[in-house]
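Line order of the protein sequences matches chains D and Z.
Heads up: the first sequence begins at 1 in my numbering, then just goes up one per residue.
Heads up: the second sequence begins at 1 in my numbering, then just goes up one per residue.
Just so it is clear, CB atoms sit at the ideal spot from N, CA and C, and this is done for glycine as well.
Nothing here was measured: the structure is a model prediction, and the numbers come from that model.
Accompanying notes for the structure given below.
2 protein chains.
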Amino acid sequence: MILTVTLNLALDVTYDVPALTPHTTHRIGAVRHRAGGKGVNVARVLHTLGHETVATGLCGGPTGAQIERELTASSVPYDFTPIGGDTRRVVTVTDADATIFSEPGPAVSAAEWAEFQARFTTLAAHAGVVVLSGSLPRELPGDAYAVLTWLAHRAGAKVLLDSGGPALRAGSAARPDLIKPNAAELTESGLDPRALPLVVSRGPDGMLASTPEGCWEALPPEILRGNPTGAGDAAAAALALALRDGTPWPSALADAVALSASAVVTPVAGDVDLATYYRLKQHVTVREVPCPW
Amino acid sequence: MILTVTLNLALDVTYDVPALTPHTTHRIGAVRHRAGGKGVNVARVLHTLGHETVATGLCGGPTGAQIERELTASSVPYDFTPIGGDTRRVVTVTDADATIFSEPGPAVSAAEWAEFQARFTTLAAHAGVVVLSGSLPRELPGDAYAVLTWLAHRAGAKVLLDSGGPALRAGSAARPDLIKPNAAELTESGLDPRALPLVVSRGPDGMLASTPEGCWEALPPEILRGNPTGAGDAAAAALALALRDGTPWPSALADAVALSASAVVTPVAGDVDLATYYRLKQHVTVREVPCPW
């Protein structure tokens with residue numbers, strides 16, 4: 001089982017409008033609600049591919065209840081730790097492109113964080129791989145991902161860390177098995193890229209794996225247009241599967257590029273187009289390159 | 001007691017941003033939630049002025065529960081008919097001005113509408129005045145306000161109708177005691193302005209009362225800058241009080257102009273600035289004019 005962790009869970013709310021015009025009133029025809037947050041997207045992709053997965057995280061209030069109802073309806077397994085605060089919403093207004101309003105997360109108490117760690121330890125004992133995704137709620141200790149990496153390793157699970165900024169830097173200290181920053185996040189983090197296995201996403205320029213065994217670069221066979229939100233989460237799903245199965249790096253990288261591209265052609269984060277995935281998978285170009293550092 | 005009716009209740013959600021920039025991500029610092037809808041604003045103004053009032057309407061789901069919690073915290077009395085659907089949200093993004101995203105209302109069944117009418121009849125028997133405010137949910141009969149006007153009159157209450165479009169036109173057929181359209185709504189409605197007592201709001205140009213006893217025009221002593229949302233609801237509150245007390249038209253009109261202006265200087269619909277109200281009230285100019293029709 002692959003356990004995905006979303007500490008900053010969100011209900012994704014989408015308003016479709018013909019055109020977003022500031023300082024006017026927009027009457028919304030239909031509102032779409034969906035459980036969101038990067039780890040939830042990873043679990044959804046794994047579930048779509050038919051793999052065993054559980055989404056965990058912190059979830060509370062009426063918005064949290066709505067998230068649980070949606071995941072139940074989508075058959076995505078979850079096991080959240082309840083919190084007293086109300087889970088946040090992220091409102092996306094879509095016309096030709098997306099305009100996003102991201103609410104701050106709810107307060108998380110020290111007792112709730114302790115309870116989460118206890119439940120996480122139990123879940124991680126049944127997981128081959130743990131995926132730690134996204135930003136941290138403000139109240140959590142800055143090294144929350146290091147703590148979870150340490151607990152997961154002790155429970156016998158491998159760890160993929162997909163975050164940025166201080167959360168990535170602090171989490172990396174516990175030596176997750178793989179980190180997946182984008183190029184900007186890697187630079188900002190100040191991490192030494194030679195110290196850890198990592199896969200860097202570079203948007204339409206594909207991905208670079210930098211590992212103790214060497215460096216590889218993978219390029220999609222074609223540039224797909226669409227919605228890049230969720231492409232990184234699809235790549236994380238592919239890399240989690242590769243960690244679970246001990247897939248060699250070149251093959252893991254090809255899979256991540258193909259699954260990521262198959263997310264770009266769908267309008268909603270967490271969805272992948274399986275036909276695109278199976279088609280591209282055969283044609284991704286992977287080549288060994290000199291490590292750039 | 002003044003009973004206010006909000007059939008299209010909403011939770012008003014406000015996101016403050018430095019500047020709304022389409023096609024970018026906005027991280028919201030703090031989210032404000034407030035019970036909204038025109039009738040709720042009227043009840044809030046009446047409550048602020050110290051008058052007995054009850055807000056009624058159709059309310060359901062987790063968003064409805066949040067509205068009830070907020071009204072309880074604000075001490076605004078309410079008695080809503082529960083519905084199976086989830087009450088809608090209206091998201092306002094504010095920078096220099098307001099950009100509004102108005103969700104559609106929930107479905108309302110025929111049984112829920114029948115239950116509302118029964119509860120409304122009981123409430124109206126204890127009310128001196130009933131205020132019918134705002135748009136109608138799509139599923140309700142187009143003559144819903146005519147039905148409620150008839151029920152209120154039978155229960156011995158006077159009726160103020162503050163709506164626009166087909167809801168105003170159909171509702172007027174039951175001869176409410178006063179209608180309060182703005183100038184555009186009156187023209188659109190195709191109503192004969194000589195057939196009913198009415199007060200027409202004309203923004204900064206003040207208000208016009210057109211009644212069987214004559215026509216009067218009232219102008220604020222100064223033009224106040226601020227947020228005009230909610231100014232019409234404050235005027236409705238003043239006019240409901242005048243209906244209750246049998247206040248002569250010139251004095252009722254002066255009060256409506258002053259209370260309306262005192263809503264403009266506050267940032268949130270449903271709030272009035274009492275100091276501004278008491279100051280302006282003494283200085284509103286009212287004069288009898290030839291009726292313009």
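Exercise for the section: Return the first residue and the last residue of the beta strand (DSSP E) that Lys158(Z) is part of. Expected result: 158-162
Exercise for the section: Consult DSSP for Ser201(Z) and reduce its assignment to one of helix, strand or coil. Expected result: strand
Handout entry: Within chain D, the residues that Phe101(Z) reaches when beta carbons sit closer than 7 Å
Key = Tyr15, His26, Ile28, Val93
Practice task
Check the Cβ-Cβ distances between Asp233(Z) and every residue of chain D, and say whether any is below 9 Å.
Solution key: no
Handout entry: Spatially closest choice to Arg44(Z) from Lys158(Z), Pro22(Z), Ala234(Z), by CA coordinates
Key = Ala234(Z)
Handout entry: Sufficient close CB pairs (3 or more, under 8 Å) joining the segment 249-261 of chain Z to the segment 215-226 of chain Z
Key = yes
Exercise for the section: Report yes if the CB atom of Thr99(Z) is closer than 9 Å to the CB atom of His26(D), and no otherwise. Expected result: Yes, they are a contact pair.
Problem - Through-space distance from Ser133(Z) to Pro22(D), alpha-carbon basis - result: Rounded to whole angstroms, the separation of the alpha carbons of Ser133(Z) and Pro22(D) is 27 Å.
Practice task
Step through the CB atoms of chain Z and report whether any lies within less than 9 Å of the CB of Thr122(D).
Solution key: no
Handout entry: Distance between Leu11(D) and Leu145(Z) (C-alpha atoms, nearest Å)
Key = Position check: residue 145(Z) holds Tyr in this sequence, whereas Leu was assumed. Roughly 36 Å between the two C-alpha positions.
Handout entry: Ordered list of beta strand (DSSP E) runs contained in the segment 56-119 of chain Z, each at least 3 residues
Key = 78-83, 88-94, 98-102
Problem - Own chain residues within Cβ distance below 6 Å of His47(Z), not counting five before or after - result: Answer for His47(Z): Thr53, Val76, listed in chain order.
Exercise for the section: Under the assumption that Gly230(Z) contacts Asn8(Z) (Cβ atoms under 8 Å), give the Cβ distance between them as a whole number of angstroms. Expected result: Between Asn8(Z) and Gly230(Z) the Cβ distance is about 16 Å, and since that is not below 8 Å, they are no contact.
Problem - Neighbouring residues, chain D, relative to Ala10(Z) (Cβ below 9 Å) - result: For Ala10(Z), no chain D residue has a Cβ inside 9 Å of its Cβ, as the nearest lies near 12 Å away.
Handout entry: Under the three-state DSSP convention, the category Glu217(Z) falls into
Key = Strand, per DSSP.
Handout entry: Own chain partners of Pro82(D) with C-beta closer than 7 Å, once the 5 adjacent residues on each side are dropped
Key = Cys59, Gly60
Exercise for the section: Pull up the DSSP beta-bridge partners for Glu301(Z), would you. Expected result: Only positions 1 to 293 of chain Z appear in the structure, and residue 301(Z) is not among them; the question remains open.
Practice task
Rank Gly203(D), Ala114(D), Leu241(D), Lys38(D) by C-alpha distance to the C-alpha of Val90(D) and give the top, closest one.
Solution key: Lys38(D)
Practice task
Indicate whether the contact test is met: 3 or more Cβ pairs, each with one atom in the segment 170-182 of chain D and one in the segment 195-215 of chain D, closer than 8 Å.
Solution key: yes
Problem - Residue interval of the alpha helix (DSSP H) (run including Leu243(D)) - result: 231-245
Problem - Close-in-space but distant-in-sequence residues of the same chain around Val265(Z) (CB under 7 Å, 5 per side omitted) - result: Leu224, Gly226, Asp273, Thr276
Problem - DSSP-derived helix/strand/coil call for Thr121(D) - result: helix
Handout entry: Proximal residues of chain Z, C-beta to C-beta of Val31(D) below 7 Å
Key = Glu103
Handout entry: Exposure label - Val289(Z); buried when at least 16 CB within 10 Å
Key = exposed
Practice task
Check whether the segment 171-178 of chain Z touches the segment 135-152 of chain Z, taking contact to mean three or more Cβ pairs, one atom from each stretch, closer than 8 Å.
Solution key: yes
Handout entry: Per-residue DSSP class, three states only, for Thr21(Z)
Key = Reduced to three states, the DSSP call for Thr21(Z) is coil.
Practice task
Using the DSSP secondary-structure output, state which residues sit across from Ile2(Z) in a beta bridge.
Solution key: Thr53(Z), Val129(Z)
Problem - Continuous beta strand (DSSP E) stretch holding Ser210(D): start and end - result: 207-211
Handout entry: For His283(Z), three-class secondary structure by DSSP
Key = His283(Z) carries a coil assignment under DSSP once its states are collapsed to helix, strand and coil.
Handout entry: Proximity to Asp97(Z) [Cα-Cα], best of Gly156(Z), Ala19(Z), Pro62(Z)
Key = Ala19(Z)
Practice task
Give every residue of the same chain whose Cβ lies closer than 6 Å to the Cβ of Val159(D), excluding the five residues on either side of it in the sequence, and list them in chain order.
Solution key: Val130, Thr149, Ala152, Pro176, Asp177
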